[in-house]
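Sequence order for the protein chains is X and V.
All residue numbers for the first sequence refer to the working numbering, where the first residue is 7 and numbers rise by one.
All residue numbers for the second sequence refer to the working numbering, where the first residue is 7 and numbers rise by one.
Each residue gets a CB set at the ideal place from its N, CA and C atoms; glycine is no exception.
Note that this is a predicted model, so its numbers are computed, not measured.
For reference, the structure is listed below as structure tokens.
Number of protein chains: 2
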Amino acid sequence: MTEDGRDGTVPGYRDTTALDLRSGTPVWDVPAPSPAADGAVGTPVHETTAIDRGAVPPPPAAAEPAPPRGVEQHLDEILSAVPQPDPIELAVLDAQGLLCAEEVVSQRALPAFDQAALDGYAARALDVEGATPAEPARLSVVGETVAGPSGPASIGPGMAQKVAAGAMLPAGADVVVPVVWTDGGMATVAVHAGPLAGTYVRRAGDDVAPGTTAVQVGTPIGPAQISLLAAVGRDRVQVRPRPRVAVLSAGGELVDISTTPAPGQVVDVNSYALAAAARDAGAEAYRWGILPAEPRRLSEVLESQLLRSDLVLVAGTLASEGDPVQEALAALGPMHFSQVTMHPGPVQAFGRLGRDAVPVICVPGEPVAALVAFEVFVRPAIRMMLGKRQLFRRTVQAIAAERLLSPLGYRQYLHGQVMRHPDGGYVVEPLGDGDEAMLARMARANCLIVVDEDVTEVAAGGLVTVMPLLLGG
Amino acid sequence: MTEDGRDGTVPGYRDTTALDLRSGTPVWDVPAPSPAADGAVGTPVHETTAIDRGAVPPPPAAAEPAPPRGVEQHLDEILSAVPQPDPIELAVLDAQGLLCAEEVVSQRALPAFDQAALDGYAARALDVEGATPAEPARLSVVGETVAGPSGPASIGPGMAQKVAAGAMLPAGADVVVPVVWTDGGMATVAVHAGPLAGTYVRRAGDDVAPGTTAVQVGTPIGPAQISLLAAVGRDRVQVRPRPRVAVLSAGGELVDISTTPAPGQVVDVNSYALAAAARDAGAEAYRWGILPAEPRRLSEVLESQLLRSDLVLVAGTLASEGDPVQEALAALGPMHFSQVTMHPGPVQAFGRLGRDAVPVICVPGEPVAALVAFEVFVRPAIRMMLGKRQLFRRTVQAIAAERLLSPLGYRQYLHGQVMRHPDGGYVVEPLGDGDEAMLARMARANCLIVVDEDVTEVAAGGLVTVMPLLLGG
């Protein structure tokens, strides 16, 4: 399958505005001919030949059976078919990072009992009302309570109980006078200020009343939610589980990372990179590795992965006729390969295979295209399975530091470095033209620049949409 | 230890501007006396009594041995004493999320061989120069190469080789003509455009040349870096490891989450919440739970945790005289308890204990204060151990939706909800006054509002510093 082998049925596809008319070469993917032209991405470099407008021939009629489709169309197919795994009950610490799947109603009051909010003297507000340093209220100290289990205590008029923060408030007391507002006396205490009733008292149920909801459905479980769940006595909680994602690589040219590749062979990069990306998106990722070539073994592997997974991810070219992986997938259910009008790409596939109709997403084998396809199609699917409300990364508008060229009719994803502009806003520098398998460049990127289908050129200084690739969450 | 039991040696501490002079009560922590006053945080509610300026008495002289210290001073002590764990070698997928601790020099060229960037015909640029649909260049197709291991192939003048994306380029070829720019012929091919030499060819070493650095020291390992490491044949990489953090709770009032608390008892919340917070900050967190009361057993637990940990975290009040945990810690090395001029707080402690001088951080036992202290002191320490350059969360300035009051001389941390303002910028709504143990409120917060020591009041509409509490990273 080629980068360019499409049937041209999208109106305007490969229109003349996307071509350098002097060379007949799409300006957006001409590599710089020499180091001297470095950075002159897409600048016309071929001055001598000429080609008529619209004269680029269509490809052979039979080459592409499926009509091309838009990015949104492919994404919609995936998102509408991705199942939502059933909630599971997990220990609260294992629930970290997941979404709560139940309405957690507290059976308890929080705090469970009236208590002192700080160290001081529990007293009756009436007894200390109007106290001043010049005319202190004098109370007899009838006992001391520290935090922890304690028997019932009470005070009457003119009495105080020494209390530590968190200690139960004795019956009859309605205020805690901080130590600093007293003389700190042990048998009797002189109180120099008269706080209002309720001051420095935490009343039972002030935080959470019994029968009220502590944590709602859909709340992400972080340290604060774990704190609250523990406080209401919940050691387990129903959550949306991490989807189990199996990651497989396809391609006769692939060897495992521990093997030195022979000429023409390449190391399997995708099963590592996509497993990392799936985990980063919140999935429980399993790296299977390179699919075997032998058809029977190949089918066994695919079937076993379908049984254990909520989503299967296959990276590989996959679209040549007679591809054994494509055939093995087809035997397991309807798998639709499409030319998606995106760059890099374009071959993408989706189907629901096996007994349980498990979603299977195929992405290109070229490692840069594989991670771009992951961002565009797989990450939103994983987030949907996690129950997240926000499926997509936040995008920002940024000033293009360089001129960008993009093929008409294709949504182009370019790796870039986005940074804050000293005057506010963002500026983005593209890293290459997105056409080549440049892993070192991708590793330096912190964003994807998204150029819409109907845009063929963004001038330096123009605004582009940028998707920062923050890790995690 | 009280919220207010300090020795007043910080100049201006508890100055009159932090007091409601009509009541003698610090305005910032007076609870609302009735539901009707809800939201009137800090509004003077006591109209009848009077107190002289500066007449609030000092606390008993012997109550606080250590002088109070600023937040930065305590943080500096921790950060300057936190060790940096030695790098370890991990499998690339286990290195995800960590910082690279070696200069990864590629022994290989990437790509390893000259190859076609897309499906087409490998040819000599000279043979197709000036070709047009009207005057195509005609070449004889001498073979076909797919991706994968292949024997040597070559073309001479007037010849072309059909190539798939990723296939080795035959010797003699210097351009790949995309299928769409040809008639797609099998024996001979008519070429309709003449791309420049180098077009659609990936040269060996274009991405990474042998002997050059693929991944630098200090680079965070994400999916793109894993992709690159795999491509250069690295299945293992030296990284800064996750610090092992043991989390323990102290307090005679504590019972485990699975126990129904008796009157006066409370559930151990902190060992769960702080373990989650430590993990969220990037640590490998171990929750030990509630420290035993029996001194010998207590010492055994602390010693064993020091042996297995890079950092030990203890939550608990800890500062009363004769506290068994404080005594057990003191037996293991110098542990400094301080009154830190922050709210909530203020009791914080740090020391390096045991044979290996393992850092031990003690935070308050009150769960809201514990997570605030984690944010302020522990998270930066964990990030430093991870080797991160950015130790602190990004802060933004936000418009306060309500009036805020804060104690003079204390840095106040209030939970809040920050949101984007429709007109740009941010607006923040405080959730309560930060004084009470309000877990439900903390669980609804998405930020901490930080009010500096010298600020006692922020008017509604004024700007405050806000620290968004995003999870992860």
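Inset, instruction - Tell me, please, whether the stretch 290-306 of chain X touches the stretch 243-251 of chain X by the rule of three or more beta-carbon pairs shorter than 8 Å. - result: yes
Inset, instruction - Give the DSSP-derived three-state secondary structure of X:P4 in the structure shown. - result: As displayed, chain X neither begins before 7 nor continues past 479, which places residue 4 of chain X out of reach and without an answer.
Legend entry - Three-way DSSP call (helix, strand, coil) for X:V148 in this model: strand
Inset, instruction - Return the CA-CA distance between V:L469 and V:G422, expressed in angstroms with no decimal places. - result: 14 Å
Inset, instruction - With distances taken Cα to Cα, identify the nearest neighbour of X:M341 among X:Q332, X:T347, X:M348. - result: X:Q332
Inset, instruction - Check whether the stretch 72-91 of chain X touches the stretch 199-216 of chain X, taking contact to mean three or more Cβ pairs, one atom from each stretch, closer than 8 Å. - result: no
Legend entry - C-alpha distance - V:P93 paired with X:A407, whole-angstrom precision: 37 Å
Inset, instruction - Ignore the nearest five residues each way along the sequence and tell me which others in X:V152's own chain have a CB closer than 6 Å to its CB. - result: A170, A173
Inset, instruction - Name the residue from X:S264, X:E300, X:A299, X:A236 whose alpha carbon lies nearest to the alpha carbon of V:V273. - result: X:A236
Inset, instruction - Consider the Cβ of X:Y416: report whether some Cβ of chain V lies at a distance smaller than 9 Å. - result: no
Inset, instruction - Specify the secondary structure class of X:E135 as computed by DSSP and reduced to three states. - result: coil
Legend entry - Residues bridged to V:Q222 [DSSP beta-bridge criterion]: BP columns for V:Q222 are empty, so no partner.
Legend entry - Runs of beta strand (DSSP E) wholly within the stretch 323-373 of chain X (minimum 3 residues, chain order): 341-345, 353-359, 364-369
Legend entry - Proximity of V:V402 and V:P474 at Cβ, strictly below 9 Å: yes
Inset, instruction - Given a cut-off of 9 Å, decide if V:P365 and V:V318 are closer than it, judged by their beta-carbon atoms. - result: yes
Legend entry - Any chain X beta carbon closer than 9 Å to V:A268: yes
Legend entry - Closest Cα partner of X:D120 within the set X:V181, X:E135, X:M448, X:P74: X:V181
Legend entry - CB of V:Y278 within 9 Å of CB of X:V98, strictly: yes
Inset, instruction - Give a yes or no on whether the minimum CB-CB distance between X:G117 and chain V is below 9 Å. - result: The question names Gly, but residue 117 of chain X is Pro in the sequence shown. Interface residue, yes.
Inset, instruction - Excluding the 5 residues preceding and the 5 following X:T471 in the sequence, name in chain order all residues of the same chain whose CB lies nearer than 6 Å to its CB. - result: T401, V456
Legend entry - X:E192: contacting residues in chain V (beta-carbon distance under 9 Å): It is Met, not Glu, that sits at residue 192 of chain X in the sequence shown. Result: empty, since nearest Cβ-Cβ is about 10 Å, beyond 9 Å.
Legend entry - Rounded distance between the beta-carbons of X:P158 and X:V197, thought under 8 Å: 24 Å between Cβ atoms; not a contact.
Legend entry - Neighbour-count burial assignment, V:S412, 16 or more Cβ in a 10 Å radius: buried
Legend entry - chain V within 9 Å of X:L392, Cβ atoms only: no
Inset, instruction - Pick out whichever of X:N452, X:Y419, X:A449, X:E463 has its Cα sitting closest to the Cα of X:V77. - result: X:Y419
Legend entry - Local Cβ density within 10 Å of X:S233, reported as buried at 16 or more and exposed below that: buried
Legend entry - Among X:V374, X:A363, X:A379, the one whose alpha carbon lies nearest that of X:V346: X:A379
Inset, instruction - In angstroms with no decimal places, state the Cα-to-Cα distance between X:P37 and V:A122. - result: Legend: pLDDT at X:P37 = 33, less than 50; position of this residue unreliable, no value from coordinates given.
Inset, instruction - Report all residues from its chain with a CB closer than 7 Å to the CB of X:Q79; omit the five preceding and five following residues, and keep chain order. - result: none
Inset, instruction - For X:S156, go through chain V and note every residue whose CB falls closer than 8 Å to its CB, in chain order. - result: P269, G270
Inset, instruction - Take the Cβ of V:E459 as the centre, count every other Cβ of all protein chains shown within 10 Å, and call the residue buried at 16 or more, exposed below. - result: buried
Legend entry - Buried or exposed by the 16-neighbour rule on C-beta atoms within 10 Å, applied to V:M192: exposed
Legend entry - N-terminal and C-terminal residue of the beta strand (DSSP E) that X:E95 is part of: 94-97
Legend entry - Partners in chain X for V:Y419, counting only beta-carbon separations shorter than 8 Å: Ordered by position in chain X, no residue passes the 8 Å Cβ test against V:Y419, which lies about 13 Å from the chain.
Inset, instruction - Anything in chain V within Cβ reach of X:I263, meaning under 7 Å, just list it in chain order. - result: A236, G239, D241
Legend entry - CB contact below 9 Å: X:V33 versus chain V: Note that X:V33 scores 32 on pLDDT, short of 50, meaning its location in the model is unreliable; the coordinates nonetheless yield the value given after this. False, the Cβ-Cβ gap to chain V never drops below 9 Å.
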